[in-house]
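Using numbering that gives the first Met the number 0, the first residue of the sequence shown is number 0, and each one after it goes up by one.
Think of the CB as a built atom: it goes at the ideal place given N, C-alpha and C, for glycine as much as any other residue.
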Amino acid sequence: MLQVSLSIQLTKNMKAFEFLCSTLCEFLLAELRLMTINFIKTIDDENEETIELLTEFAETLPTAMVPQDGIAALISLGIPALCSEAISMAATTSFHHLVTKPPDCPFYDTLKRLISQVITPLLQKWGVQAISVEKSSRDGLAIARAAGIFDLAKEWPDSAQTVADITKAMTDGMPRDVILNTLSEALATAVNTRLLLPSVTPSVIMTMLSCLHGTLTAVGAGSIISTVSSLISSYISRADLKSIDLIPAVLENIDELRVDGAEAAVFDPQPMCVGHSKELSLASIFVQIFGGETKFVNALHAKMCLDLIGPSVKEVALEWTGTVEKLKRVIAADKLVPMDVVLHDIAETRRTIATAKTSMAPARLQALQAQSVTIISHEYWAEVEDQDYMSYAAYPRNIAWAIKVVADEFHTLKAPRHLVPTDYGIVTLAIEGKDVTCSPLEAVVISQFESRESCDISDIVKNSFDGLPPSLSNEASDAVKRAVDTWIQRGVLVRSGKTLSVSDQRGPVISHGDDGSGPASAWDEAGDKVWAWLKPFLASRPADLPGLTLAKLHQVMCAFVGTWRGRTEVETERLLMDAVGQGLLVRADGVFKLA
């Protein structure tokens, strides 16, 4: 009855319980010191490093006299919680000083001998029967290894032994609160300290994440993920690193995203609440670091598209196809649909290339074959014509930049799908008395001046598109202005103010209404719109790339700037030379660059 009553009182009085635990722990450590000194004498003298480490270890232990009767009295209380807590404290304190070397060194074997030949007999000496002596020793070793895991990352990147120790300790029923408290503080401190080093790279961060994944999977402590992941995420945001730079490390560990077997860590794609999740995975850690599942998937998407712009696209696409299938184990399949569509589109590229061969210039075709890709489905890329970077607001800044670069490149390669203008032959102009090659609309416009020398621009639109719905009047007016501008560029007409006069070639005269709707010069009307698109396009190109030729710029401008479609290469050259004259561009060796 006295023993039961004392147990109840100690359980209620935590201060007394803690005092007894610390007292028993100190007694055990003092006894351990004496036994360790004797153990050192049994070690081979050639192993000087081991002897030095164990000697240093023994000196860290208390030297108090061990009251045999006092320890026996505490043990005789028969309170398992007291004995377990004291033994765990002793093991943790002692092993924390020992775990400084990788498990493959001779000292690690010596440490195992210390456990079996010193710790175990010590506890058995005091008659501790209700507690697994071997398990208690291993618990202390596991906690100590977990506390020092990141300090060893540089010399010992493999965390397999640590994970095995922790997993075994948890399986054997190690006190959960002990290891959680130790891990939470130790991991956060170690990560924060390691991130202050100048040598941190994505690979180093990945090593830390791998260790973190193994440790937390063994412990099942989802609440620690938020603390450590937020530290890494904050470091990435303030350092010269991009979140997308971690993606290669993710792909290298793609097979760890889910482990088959009874202890599989499953990632729930539903609303994430890591702090209360019982099951963990490497994917959940990355979701925390990237700031959400959507941003994590966006980063994977951007990295995949960057990989697809380059040589060996077929092999890269096959590799990514397998990667996406693995991602579907841990991420909802509907969120990976854009990646599936891109890969499917790549598979259809050969047909597009075969069709393009019949209509592309040899130089352009060679560039196309080097890329081995032409089309990416338009539904999954932002409109290139919309140069407002806010259209990428849903993405992190660096990922939005990567996606924009990829989108621009793919839309450039998408040009073969634009209809190639058909040459409709020769139109005879009675006014000029000579043959001129032009488009049908240009012929319709110029033919209206066979019997008159001037005409209002609105009448030209009306006569050219008789019966056109009012909703298309603006498009029709723009088309007519471009056709009229073509005749101006060819020298058939000259413009003075708001009116057109006969040129030296005695072409027709076109006068325009007083509303100023007549065709302006290339730069006055279209130059600002073109430059608003062209400047960020050229600025986004890496500085080490050469400038673009006239032919390339003309093709890109016609493809992506709606107001410039249908213009000739001569018009493009005039516009670019105007920009050169204004100091906006520089032309050297046949290529244009930003000034």
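Judged by their CB atoms, LYS534 and LEU583 are nearer to each other than the 9 angstroms cut-off.
In this structure, DSSP gives ALA587 an extended state, which the three-state scheme calls strand. Taking C-beta atoms as the reference points, LEU547 and VAL560 fail to come closer than 9 angstroms. Take the alpha-carbon of HIS553 and the one of ARG573: they are about 11 angstroms apart. In the displayed model, LEU575 falls within a helix according to three-state DSSP. Burial of THR485 is indicated by the presence of at least 16 other C-beta atoms within 10 angstroms of its C-beta.
At the C-beta level, ALA478 and GLY565 come within 9 angstroms of one another. With respect to the 9 angstroms criterion, VAL443 and VAL483 are not classified as neighbours on the basis of their beta carbons. In the displayed model, THR567 falls within coil according to three-state DSSP, outside both helix and strand. Between the C-alpha atoms of LYS302 and SER311 there is a straight-line separation of about 16 angstroms.
Its Cα nearest to that of LYS592, the residue ARG540 stands out among ARG540, THR567, CYS557. As the crow flies, the alpha-carbon of ILE50 is around 16 angstroms from that of LEU31. Here LEU552 is not bridged, per DSSP, to any residue.
A distance of 9 angstroms or more separates the beta carbons of LEU335 and ALA316. For PRO439, the uninterrupted alpha helix (DSSP H) segment begins and ends at 439-446.
Counting only residues of its own chain and dropping the five nearest sequence neighbours on each side, VAL460 has a CB closer than 6 angstroms to the CB of ALA475, SER476, VAL479.
In this structure, the CA atom of LEU307 is about 23 angstroms from the CA atom of ALA331. In the structure shown, the three-state DSSP call for LEU547 is strand. Contact between ILE246 and ALA298 holds, since their C-beta atoms are separated by about 6 angstroms, short of 8 angstroms. For LYS592, the three-state secondary structure derived from DSSP is strand. The continuous alpha helix (DSSP H) containing LEU307 extends over residues 292-307. A buried status is given to GLN287, since no fewer than 16 other beta-carbon atoms sit within 10 Å of its beta-carbon. By the beta-carbon neighbour count (other beta carbons within 10 angstroms, threshold 16), ALA57 is buried.
Residue burial annotation: VAL569 is exposed, with fewer than 16 other C-beta atoms found within 10 angstroms of its C-beta. The alpha-carbon separation between TRP532 and LYS551 amounts to approximately 15 angstroms.
Under the three-state reduction of DSSP, ILE330 is assigned to coil, being neither helix nor strand. Annotation: the continuous alpha helix (DSSP H) that includes PHE536 extends over 527-538. In the assembly as shown, GLU55 is an exposed residue. Its beta-carbon has fewer than 16 other beta-carbons within 10 Å. Shortest Cα-Cα distance from SER438 to any of ASN462, ASP588, ARG481 involves ARG481. Judged by DSSP in its simplified three-state form, LYS40 adopts coil rather than helix or strand.
In this structure, PRO545 and VAL590 form a Cβ contact; the two beta carbons are roughly 6 angstroms apart against a cut-off of 8 angstroms.
Under the three-state reduction of DSSP output, LEU60 falls in the coil class, being neither helix nor strand. LEU27 and ILE42 have their C-alpha atoms some 23 angstroms from each other. Contact annotation: LEU537 and LEU575 have beta-carbon atoms that are not nearer than 9 angstroms. In this structure, the straight-line span from the alpha carbon of PHE295 to that of LEU305 is close to 16 angstroms.
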